[in-house]
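Q: If you use my numbering, the sequence shown corresponds to residues 4 to 102, in order.
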Amino acid sequence: MGRLFENPVVIIVIVVVIVLLIAAPKLPAMARSLGQSFRIIKSEVRESKADGQEANTAQQAQKPNEAPVEGTVVTPVNPQNNNGSNTSGTNTPPGNTTV
Numbered sequence: 004m005g006r007l008f009e010n011p012v013v014i015i016v017i018v019v020v021i022v023l024l025i026a027a028p029k030l031p032a033m034a035r036s037l038g039q040s041f042r043i044i045k046s047e048v049r050e051s052k053a054d055g056q057e058a059n060t061a062q063q064a065q066k067p068n069e070a071p072v073e074g075t076v077v078t079p080v081n082p083q084n085n086n087g088s089n090t091s092g093t094n095t096p097p098g099n100t101t102v
């Protein structure tokens, strides 16, 4: 009898039989729920692929119309203070003249 339980296949079969005996009434509901979950996942994947294709076509349609933007970098100037320090005692950034 001791050698019978040394084989892992026998242990697995015994566990499967016990689980089937205990959970037999619940198996159809579990299988139905699993099937519904797979259908939902499949439909969501299809929708996300369709959304991705629509976004790609919209981006491709916009690319030829876009032109590169050119400009220059302008350094901010504070007309109140030439040395760059804030002497008014407030924490307003340079260039803001709100009182």
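No residue lacks a Cβ here, since even glycine has one placed at the ideal position from N, Cα and C.
Would you check if the distance between the CB atom of ILE14 and the CB atom of PHE8 is smaller than 8 Å?
A: Here residue 14 refers to the residue found at position 11 of the sequence shown. Here residue 8 refers to the residue found at position 5 of the sequence shown. Cβ distance < 8 Å, so ILE14 and PHE8 count as in contact.
Q: I need the DSSP call for GLU73, collapsed to helix, strand or coil.
A: In the sequence shown, the residue the question calls residue 73 occupies position 70. DSSP places GLU73 in coil when its eight states are reduced to three.
Q: Specify, as a first and last residue, the run of the alpha helix (DSSP H) that ALA26 falls within.
A: By one-based count along the sequence shown, residue 26 stands at place 23. Per DSSP, ALA26 belongs to the alpha helix (DSSP H) from 11 to 26.
Q: May I ask you to report which of helix, strand or coil DSSP gives VAL80?
A: As a first step, residue 80 is located in the sequence shown; it is residue number 77 there, counting from the start. Residue state, collapsed to three classes: coil.
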